[in-house]
Amino acid sequence: MQHPSTEQVWDWLSAVPDPEIPVISLTDLGIIRDVEWQGDTLVVTVTPTYSGCPATSIINLDIETALREKGIEKLALKRQLSPAWTTDWLSDEGKRKLEAYGIAPPRPAGGPDHCPRCGSGHVEKVSQFGSTPCKAAWRCKDCLEPFDYFKCI
Amino acid sequence: MTRDEALFEYLLRLGDNTLILGHRVSEWCGHAPVLEEDIALANTALDLIGQTQLWLGLAGEVEGKGRDADKLAFLRDAWDFRNVLLVEMPNGDFGRTLMRQFLFDAFHSILLGKLMKSSDPRVAEIAEKASKEVSYHLERSAGTVVGLGDGTEESHARMQAALEYLWPYVGEMFTGDAVDAEMAAAGVASDPASLRADYDALVGRVLGDATLAIPDSPFAHKGGKTGTMHTEHLGHLLTQMQWLQRAYPGASW
Numbered sequence: 007m008q009h010p011s012t013e014q015v016w017d018w019l020s021a022v023p024d025p026e027i028p029v030i031s032l033t034d035l036g037i038i039r040d041v042e043w044q045g046d047t048l049v050v051t052v053t054p055t056y057s058g059c060p061a062t063s064i065i066n067l068d069i070e071t072a073l074r075e076k077g078i079e080k081l082a083l084k085r086q087l088s089p090a091w092t093t094d095w096l097s098d099e100g101k102r103k104l105e106a107y108g109i110a111p112p113r114p115a116g117g118p119d120h121c122p123r124c125g126s127g128h129v130e131k132v133s134q135f136g137s138t139p140c141k142a143a144w145r146c147k148d149c150l151e152p153f154d155y156f157k158c159i
Numbered sequence: 367m368t369r370d371e372a373l374f375e376y377l378l379r380l381g382d383n384t385l386i387l388g389h390r391v392s393e394w395c396g397h398a399p400v401l402e403e404d405i406a407l408a409n410t411a412l413d414l415i416g417q418t419q420l421w422l423g424l425a426g427e428v429e430g431k432g433r434d435a436d437k438l439a440f441l442r443d444a445w446d447f448r449n450v451l452l453v454e455m456p457n458g459d460f461g462r463t464l465m466r467q468f469l470f471d472a473f474h475s476i477l478l479g480k481l482m483k484s485s486d487p488r489v490a491e492i493a494e495k496a497s498k499e500v501s502y503h504l505e506r507s508a509g510t511v512v513g514l515g516d517g518t519e520e521s522h523a524r525m526q527a528a529l530e531y532l533w534p535y536v537g538e539m540f541t542g543d544a545v546d547a548e549m550a551a552a553g554v555a556s557d558p559a560s561l562r563a564d565y566d567a568l569v570g571r572v573l574g575d576a577t578l579a580i581p582d583s584p585f586a587h588k589g590g591k592t593g594t595m596h597t598e599h600l601g602h603l604l605t606q607m608q609w610l611q612r613a614y615p616g617a618s619w
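Sequences listed follow chains Y and B, in order. Counted the way the working numbering counts, the first sequence spans residues 7 to 159. Counted the way the working numbering counts, the second sequence spans residues 367 to 619.
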């Protein structure tokens with residue numbers, strides 16, 4: 007039997023949502039580092055976002071579930087720590103989806119330049135940390151809404 | 367002491383520092399003065415526990431006796447822990463917690479920067495991952511120490527008292543022994559004493575901005591990282607942290 011191509015597997019993985027921020031997929035997040043066949047075993051290499059992120063084990067489970075549903079029988083998930091995950095790997099599509107969802111995407115300048123809800127440039131930091139390890143809490147001084155900012159690391 | 371025995375000890379020190387501090391910081395969960403600080407502390411604790419899984423996981427692998435990170439965390443008694451005394455100190459008030467965090471974060475960030483160049487790639491890759499998280503911790507703890515130190519009369523007094531209480535626990539982080547010498551000889555890690563100049567520069571600058579005076583006594587409590595003598599606080603912490611696995615061995619979610 008012919009293996010599904012690695013392109014096909016990437017395509018399947020691009021439909022698996024992040025468990026914490028379901029608006030973006032695992033491939034948008036940039037945490038799938040490699041997909042390859044080693045003999046008849048499919049090896050998927052995944053890097054964690056934050057070392058203690060509780061979503062990491064759920065992500066592995068979701069990858070396994072998604073690929074088993076597509077008929078993949080021999081699957082190995084490999085953890086890769088280096089190079090360490092960076093928000094530079096977040097796809098442009100992923101950044102656009104975050105913004106549309108109300109989460110300001112990461113910016114190398116260290117903070118958002120506008121509110122993802124009303125677009126105002128008058129924003130201030132509430133806390134360097136937020137509801138998940140990957141986010142910080144910000145607030146818009148015009149529409150007064152609090153919003154999440156995806157930390158740049 | 368073989369090189370692997372020294373490496374095992376060294377990894378326990380790294381993992382126990384993050385484990386014990388992570389547990390201490392998590393004690394604030396639901397108790398911090400404001401919601402944002404509560405979340406910040408919980409997130410810091412989470413990063414530290416995550417790093418613990420990596421360090422103690424590797425320690426178990428190096429030891430080769432079938433102990434994983436969970437077994438090392440939950441089934442050792444106080445005398446087998448190798449964390450520095452600083453991280454087992456009780457939280458005290460919010461100011462003392464943040465001062466302890468700053469004094470450790472400053473050391474941790476400098477240490478991880480060196481470990482990223484370790485001759486052992488397994489150590490280097492964990493350090494690379496942890497370093498990103500720790501530079502974020504340091505930014506926050508340094509900022510908060512300055513905000514509270516150079517704040518009101520009361521916050522200043524509390525931060526000065528916290529610094530005086532914790533300063534005698536700083537020296538231990540830079541005291542080397544045979545394990546450190548073996549790691550330095552193997553190129554795995556640097557001699558801890560060699561980190562001190564960078565530390566003094568960083569801590570001196572931040573505490574200066576915070577208008578706090580560093581105590582001039584060089585006295586340092588020791589015994590945590592070698593396991594010779596922990597403070598009584600560690601045992602109390604372990605009774606809580608290890609309770610579930612002691613009462614119900616092997617219990618899992």
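Cβ atoms here follow ideal geometry from the backbone N, Cα and C, with glycine treated the same way.
query	result
Three-state class that DSSP yields for A357/B in the structure shown	Residue 357/B is absent from the structure shown; chain B starts at 367 and stops at 619.
Identified DSSP bridge partners for T51/Y	D40/Y and K84/Y
First through last residue of the beta strand (DSSP E) which encompasses R488/B	First-last for R488/B: P487 to G515, but that is the alpha helix (DSSP H), not the beta strand (DSSP E).
Of the residues C149/Y, G77/Y, V50/Y and S57/Y, the one placed nearest R123/Y, counting alpha carbons only	C149/Y
Proximal residues, the segment 445 to 465 of chain B versus chain Y, C-beta separation under 7 Å	none
Residue-chain proximity (V136/Y, chain B), Cβ-Cβ < 8 Å	According to the sequence displayed, residue 136/Y carries Gly and not Val. Yes, because at least one Cβ of chain B sits closer than 8 Å to the Cβ of G136/Y.
is_contact[N383/B, chain Y] using C-beta, thresh 8 Å	no
Continuous alpha helix (DSSP H) stretch holding S63/Y: start and end	A61 to E75
Burial state of A563/B (16 or more Cβ within 10 Å)	exposed
CB of E454/B within 8 Å of CB of G537/B, strictly	no
Residue from Y531/B, A444/B and E499/B with nearest C-alpha to E598/B	A444/B
Closest residue to V572/B among I405/B, L469/B and L412/B (Cα-Cα distance)	L469/B
Interface residues of chain Y facing Y502/B [CB-CB closer than 9 Å]	Q134, F135, K157 and I159
Test item: CB-CB of N66/Y and V52/Y under 8 Å	yes
Cutoff 6 Å; reference L568/B; Cβ partners in own chain excluding five residues on either side	A472
Exposure of H389/B, with buried meaning 16 or more beta-carbon neighbours within 10 Å	buried
Pairwise C-alpha distance: D459/B and L578/B	17 Å
Chain B within 8 Å of G127/Y, Cβ atoms only	no
Spatial neighbours of V500/B in its chain, beta-carbon cut-off 7 Å, leaving aside the 5 residues before and after	D471, H474, S475 and L478
Pairwise C-alpha distance: G108/Y and V29/Y	10 Å
Residue from L441/B, L373/B, A544/B and H397/B with nearest C-alpha to A613/B	L441/B
For W144/Y, the three-state DSSP class (helix, strand or coil)	strand
Simplified DSSP assignment, three categories, for E538/B	helix
Bounding residues of the beta strand (DSSP E) (the contiguous stretch that carries D34/Y)	First-last for D34/Y: L32 to L35, but that is the alpha helix (DSSP H), not the beta strand (DSSP E).
Own chain residues within Cβ distance below 7 Å of V489/B, not counting five before or after	L481 and V554
C-beta contact flag for L412/B and G426/B at 8 Å	no
Cβ neighbour criterion (16 or more within 10 Å) applied to C59/Y	buried
Contact set between the segment 54 to 71 of chain Y and chain B, restricted to residues whose Cβ is under 9 Å from the partner	P54, Y56, S57, G58, C59, P60 and T62
Spatial distance of D119/Y from K131/Y (CA atoms)	11 Å
Contact check, K495/B vs S57/Y, beta carbons under 8 Å	yes
Check whether Q417/B and T384/B have beta carbons under 8 Å apart	yes
H128/Y burial status per 10 Å Cβ neighbour count (16 or more: buried)	exposed
Sequence ranges, alpha helix (DSSP H) only - wholly within the segment 521 to 603 of chain B, length at least 4	544 to 551 and 562 to 575
is_contact[Q467/B, chain Y] using C-beta, thresh 8 Å	no
Contact check, Y376/B vs M549/B, beta carbons under 8 Å	yes
8 Å Cβ cutoff, A143/Y in contact with chain B	yes
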